[in-house]
Amino acid sequence: MKKVIIAFNYMDELIKNTIEKIKQQRIVPEARWKFLARKYGTWALFAMIIFAGAASFATAYHLLSSLDWDLYHFMHVSAFYYALSIIPYVWLVFILLALVVAFIDVRKTQTGYRFSALKISALIIGGIILFGLGMSVFGVGESINDIAARKVTYYGRHMITNKNSQWSQPKKGLIAGRIISVSKEIIKIDDLDGEKWDVVINEETLIRSAVALEKNEMIKIIGSIEEENIFKAQEIRPWMGKGMMNGSGRGMMKGK
């Protein structure tokens, strides 16, 4: 009985102190609309962050999927070093930033403390990848990349490696362009920078089976500079193909 009375007195004293503290600090109940605004605002911010991360992932995926990954053979570097040189670090930074901010945002929610860091991270990463792939299907990544290339100075050539910059390296043996004319030994092209080249081909030139050597067709060429604006072709690929293509053909085009 004595213990019950002591406990009752303790609770009574605690309640009085709490009430006194509320009066001193002028604490008032928060309006319900403010509570709901903060609650749903936090989740809305989370959704926006996931969307931004997914858009960055879609853009990075577009860039990486459009590149030729086997060119390290021709550039005489290791596959690892070549992969490091073409990773779109700009978009990777945006993805990592989205991960960090989204993680912090989830922790601030009412139920965020219930989940481990691993589960929250898995949820965020999974959401970014899933929505990012969905955006890729609808061409969102390609659109974002095109807008960035037009609006952001130095983006296309200095901040990322895209298909155009990858195939605009004549000194490294890589050029691409639109065919102007085709003869037995020379393909004249207008490259991606508007410069004209005479591309020399012979019986040793590997011409991929999907290549159409016709006027106005876009092609990619691996080879070396012989003289000023004269490029000797070792291999010719279609512009829309990837580095590792199924099937290939050797041969000379007849003069046109």
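The sequence shown runs 1 to 256 under my numbering. Every residue gets a Cβ at the ideal spot worked out from N, C-alpha and C, and that includes glycine.
Sub-8 Å separation of residue i and residue j beta-carbons
| i | j | result |
| --- | --- | --- |
| L213 | V182 | yes |
| F57 | I160 | no |
| N259 | T59 | What the structure shows of the chain is the stretch from 1 to 256, and residue 259 is not part of that stretch, so it cannot be assessed. |
| L71 | Y82 | yes |
| A98 | I147 | no |
| D190 | G173 | no |
| R208 | I236 | yes |
| I86 | L67 | yes |
Alpha-carbon spacing of residue i relative to residue j, whole angstroms
| i | j | result |
| --- | --- | --- |
| F80 | T42 | 41 Å |
| G249 | V152 | With a pLDDT of only 37 at G249, under 50, the local geometry of the prediction cannot be trusted, and the value read off the model is given with reservation. Distance between the alpha carbons of G249 and V152: 40 Å. |
| G243 | E204 | Residue confidence is low: G243 scores 44 on pLDDT, short of 50, so the model does not pin down where it sits. Its coordinate-derived value is still stated next. Each residue's Cα considered, the two are about 19 Å apart. |
| I225 | W69 | 22 Å |
| G194 | K184 | 23 Å |
| I175 | Q110 | 56 Å |
| M218 | K119 | 47 Å |
| L63 | K171 | 23 Å |
| G156 | L96 | 21 Å |
| V140 | F94 | 16 Å |
| I201 | M75 | 20 Å |
| I230 | K196 | 9 Å |
| S143 | L84 | 24 Å |
Burial state of residue i (16 or more Cβ within 10 Å)
| i | result |
| --- | --- |
| V199 | buried |
| I187 | buried |
| F138 | exposed |
| Q166 | buried |
| S78 | exposed |
| K256 | Note on K256: pLDDT 34, under 50, position unreliable in the model; the coordinate value appears next. It is exposed - the Cβ of K256 has fewer than 16 other Cβ atoms within 10 Å. |
| S168 | buried |
| R150 | exposed |
| S136 | buried |
| A55 | buried |
| N162 | buried |
Whole-number beta carbon distance between residue j and residue i, since they are thought to touch under 8 Å
| i | j | result |
| --- | --- | --- |
| W239 | K220 | 6 Å |
| G223 | A233 | 4 Å |
| A102 | G53 | 7 Å |
Inset, instruction - Take every Cβ of the stretch 120-135, pair it with every Cβ of the stretch 91-108, and state whether three or more of those distances are shorter than 8 Å. - result: yes
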